[in-house]
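J.:
Protein chains: 2
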Amino acid sequence: MEITKNPMEIEKKSMEIIRPYVKDVFTDEAELKVASRIIHAAGDTDYAKVIRIHKAAVKSAKNAIFLGKNVYTDVEMVRTGINKKKLAAYGGEVLCKIADEEVAKEAKECEITRSMAAMRNFKGELAGAIVAIGNAPTALFEMLRLVEEENILPAVIIGVPVGFVGAAESKALLMKNKKVPYITVEGTKGGSSIAVAAFNAILYQMN
Amino acid sequence: MEITKNPMEIEKKSMEIIRPYVKDVFTDEAELKVASRIIHAAGDTDYAKVIRIHKAAVKSAKNAIFLGKNVYTDVEMVRTGINKKKLAAYGGEVLCKIADEEVAKEAKECEITRSMAAMRNFKGELAGAIVAIGNAPTALFEMLRLVEEENILPAVIIGVPVGFVGAAESKALLMKNKKVPYITVEGTKGGSSIAVAAFNAILYQMN
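Chains as they are written, first to last, in numbering that gives the first Met the number 0: chain A, 0 to 206; chain B, 0 to 206.
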């Protein structure tokens, strides 16, 4: 068996295979790249039907990166996957509070998830920044509460929590919001790899 | 909207929703738990049709954990997601070499992917250990070369690389091997979250 071992070649081939599935859905080239990288990360072309990208999302994210804004994530896997070296070139870093002792204590006391407590804890820092939620519907619900009730407005919310309990509902609510541009996925699918793919796809378009 | 905020309750509800999709496919309770957690991590019930668990895989993995064996991963996201605290209780740790300078140099020189070079670098350490590959088909190909050509035999290979270039082929080869029990997914789907879900599902069954 002939194995393709060159990373650039693997990525090029992969994007060529994905293109027919997305080219009629995403006419904007920047959005097409985001959608393609999500499909690449999931190995699942069905994502082409459920990816939703607000028309201001990519531009707003690029602007925030350029301004050196941070990326706030719900879980450590999303933090790990984001290309921190490339982001740091603009001055931004990736922050996640799920492992903080203070957050764990607050979660226990309030009987909420740790990722929900982590978002609540970031609070004002989130204004103008990039938010990437890949795991917990509760983190996205809390983020949207901060948007609506406290008027804390990130530059963009990449909100792709996964699962069968609250994920679809939290993402529907994200798409209904009128204040913050978003990248999301309709339904139950999503996950850390999807959040990472969406963000890195934008980061790799910076020049 | 009523939001479920209790993590235990979210997981319980989720597993109840998933059960009908897996109960006739996986009759062994331990395997059913692995399959359920994969579906939970992907938010995708279609996984029920493509998850393949070798009949000795869960038992062999549990035994390796109990013996304090390490887990070797292809990428940092898989390392991050694995419950290291729980694993450490048995003496094992999670290792990943993709960010090592030596590995990066070797990859460049040999014109191979970094994750492939990382696997090659672990070599003999992999014998009797747990291998979890969530991203790179090339890492799985290299692992299988070590099995066949050098007779380096892990206790179990969780091999779920993702994508359209080599992933399906590498997993087909994994299923064909007669030397090492495996957990895998047929076709293009997979990813770091899937590898993490499969391993943690086994870890959480230890008592």
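The C-beta atom is built at its ideal place from N, Cα and C for all residues, glycine as well.
Could you check where the alpha helix (DSSP H) with residue 80 (chain B) kicks off and where it finishes?
T.: Taking the first residue of the second sequence as position 1, residue 80 (chain B) is located at position 81. Per DSSP, residue 80 (chain B) belongs to the alpha helix (DSSP H) from 75 to 80.
J.: Just checking my contact of residue 63 (chain B) with residue 146 (chain B) at CB under 8 Å: how many whole Å lie between their CB atoms?
T.: In the second sequence, residue 63 (chain B) corresponds to position 64, counting from 1. In the second sequence, residue 146 (chain B) corresponds to position 147, counting from 1. About 15 Å; that fails the 8 Å criterion.
J.: According to the neighbour-count rule (16 or more other Cβ atoms, all chains shown, within 10 Å of its Cβ), is residue 171 (chain B) buried or exposed?
T.: Here residue 171 (chain B) is taken as the residue at index 172 of the second sequence, counted from 1. Exposed, by the Cβ-count rule.
J.: According to a CB-to-CB cut-off of less than 7 Å, which residues of the region 71 to 83 of chain A neighbour chain B?
T.: Flagged, chain order: 75, 76, 79, 80.
J.: Using a Cβ-Cβ cut-off of 7 Å, state whether residue 19 (chain A) counts as contacting chain B.
T.: If you number the first sequence from 1, residue 19 (chain A) lands on position 20. For residue 19 (chain A), the answer is no, since every Cβ of chain B falls outside 7 Å of its Cβ.
J.: When you compare only the Cα positions, how much space is there between residue 90 (chain B) and residue 54 (chain B)?
T.: Stepping through the second sequence from its first residue, residue 90 (chain B) is reached at position 91. Stepping through the second sequence from its first residue, residue 54 (chain B) is reached at position 55. C-alpha separation (whole angstroms): 25 Å.
J.: Checking 7 Å against the spacing of the C-beta atoms, do residue 166 (chain A) and residue 136 (chain A) come in under that value?
T.: Locating residue 166 (chain A) in the first sequence gives position 167, counting from the first residue. Locating residue 136 (chain A) in the first sequence gives position 137, counting from the first residue. In this structure, residue 136 (chain A) lies closer than 7 Å to residue 166 (chain A) by Cβ.
J.: Please state whether DSSP places residue 184 (chain A) in a helix, a strand or coil.
T.: In the first sequence, residue 184 (chain A) corresponds to position 185, counting from 1. Note: residue 184 (chain A) maps to strand in three-state DSSP.
J.: Identify the contact partners of residue 25 (chain A) in chain B, using a Cβ-Cβ distance below 9 Å as the criterion.
T.: By 1-based counting over the first sequence, the position of residue 25 (chain A) is 26. Residues of chain B passing the Cβ test: none, with the nearest at roughly 18 Å.
J.: Give a yes or no on whether the minimum CB-CB distance between residue 16 (chain B) and chain A is below 7 Å.
T.: Walking along the second sequence from the start, residue 16 (chain B) turns up at place 17. Chain A, which has a Cβ nearer than 7 Å to the Cβ of residue 16 (chain B), makes this yes.
J.: Counting Cβ pairs, one atom from each stretch, are 3 or more of them under 8 Å apart for the region 78 to 89 of chain A and the region 8 to 17 of chain B?
T.: With a cut-off of 8 Å, the region 8 to 17 of chain B and the region 78 to 89 of chain A do not count as touching, because too few Cβ pairs lie within range.
J.: So the alpha helix (DSSP H) residue 63 (chain A) belongs to, where does it begin and stop?
T.: Position 64 of the first sequence, counting from 1, holds the residue named residue 63 (chain A). Counting along the chain, the alpha helix (DSSP H) containing residue 63 (chain A) begins and ends at 56 to 65.
J.: List, in chain order, every chain A residue whose beta-carbon is nearer than 8 Å to that of residue 115 (chain B).
T.: In the second sequence, the residue the question calls residue 115 (chain B) occupies position 116. What residue 115 (chain B) touches in chain A: 4.
J.: By the criterion of Cβ-Cβ separation under 7 Å, what are the contact partners of residue 111 (chain B) in chain A?
T.: Locating residue 111 (chain B) in the second sequence gives position 112, counting from the first residue. Those within 7 Å of residue 111 (chain B) in chain A are 4.
J.: Cα-Cα, which of A:1, A:8, A:48, A:28 is closest to residue 20 (chain A)?
T.: Along the first sequence, read from residue 1 onward, the residue named residue 20 (chain A) stands at position 21. Among A:1, A:8, A:48, A:28, the Cα nearest to that of residue 20 (chain A) belongs to A:48.
J.: Who pairs with residue 71 (chain B) in a beta bridge, going by DSSP?
T.: If you number the second sequence from 1, residue 71 (chain B) lands on position 72. Paired residue(s): B:94, B:130.
J.: Do you know offhand how far residue 31 (chain B)'s Cα is from residue 87 (chain A)'s?
T.: Reading the second sequence from its first residue, position 32 is the one you call residue 31 (chain B). Reading the first sequence from its first residue, position 88 is the one you call residue 87 (chain A). Rounded to the nearest angstrom, the two C-alpha atoms are 42 Å apart.
J.: From the beta carbon of residue 99 (chain A), is the nearest beta carbon of chain B less than 7 Å away?
T.: The residue labelled residue 99 (chain A) in the question sits at position 100 within the first sequence. So, not an interface residue.
J.: Any contact of the region 122 to 137 of chain A with the region 94 to 114 of chain A, i.e. 3+ C-beta pairs under 8 Å?
T.: Touching, per the Cβ criterion.
J.: With DSSP collapsed to three states, give me the class of residue 33 (chain A).
T.: Here residue 33 (chain A) refers to the residue found at position 34 of the first sequence. If DSSP states are grouped into helix, strand and coil, residue 33 (chain A) belongs with the helices.
J.: What span of residues does the alpha helix (DSSP H) with residue 201 (chain B) cover, start to end?
T.: Locating residue 201 (chain B) in the second sequence gives position 202, where the first residue counts as 1. Segment 191 to 202, the alpha helix (DSSP H) holding residue 201 (chain B).
J.: Using a Cβ cut-off of 7 Å (strictly closer), state whether residue 192 (chain B) contacts chain A.
T.: Here the question's residue 192 (chain B) lines up with position 193 in the second sequence. Yes, contact with chain A.
J.: To the nearest angstrom, how far is the alpha carbon of residue 180 (chain B) from that of residue 195 (chain B)?
T.: Position 181 of the second sequence holds residue 180 (chain B). Position 196 of the second sequence holds residue 195 (chain B). Rounded to the nearest angstrom, the two C-alpha atoms are 17 Å apart.
J.: List the DSSP bridge partners of residue 155 (chain B).
T.: Walking along the second sequence from the start, residue 155 (chain B) turns up at place 156. Residue 155 (chain B) pairs with B:129.
J.: Do residue 75 (chain A) and residue 95 (chain A) have their C-beta atoms within less than 7 Å of each other?
T.: Residue mapping note: residue 75 (chain A) aligns to position 76 of the first sequence, counting from 1. Residue mapping note: residue 95 (chain A) aligns to position 96 of the first sequence, counting from 1. Yes. Within cutoff.
J.: Excluding sequence positions up to five away, which residues of its chain have a Cβ less than 8 Å from the Cβ of residue 200 (chain A)?
T.: Residue 200 (chain A) sits at position 201 when you count from the first residue of the first sequence. Hits under 8 Å: 32, 33, 35, 36, 37.
J.: Could you check what DSSP says for residue 38 (chain B) in three-state terms: helix, strand or coil?
T.: Sequence index remark: in the second sequence, residue 38 (chain B) carries index 39 (1-based). Reduced to three states, the DSSP call for residue 38 (chain B) is helix.
J.: Distance cutoff 7 Å, beta carbons only. Does residue 140 (chain A) sit that close to anything in chain B?
T.: Position 141 of the first sequence holds residue 140 (chain A). Closer than 7 Å: yes.
J.: Buried or exposed for residue 43 (chain A), please, with buried defined as at least 16 other CB atoms from any protein chain shown within 10 angstroms of its CB.
T.: Residue 43 (chain A) sits at position 44 when you count from the first residue of the first sequence. Counting Cβ neighbours within 10 Å, residue 43 (chain A) comes out buried, since at least 16 surround it.
J.: Please state the DSSP three-state secondary structure of residue 50 (chain B).
T.: Your numbering for residue 50 (chain B) matches position 51 in the second sequence. Strand, per DSSP.
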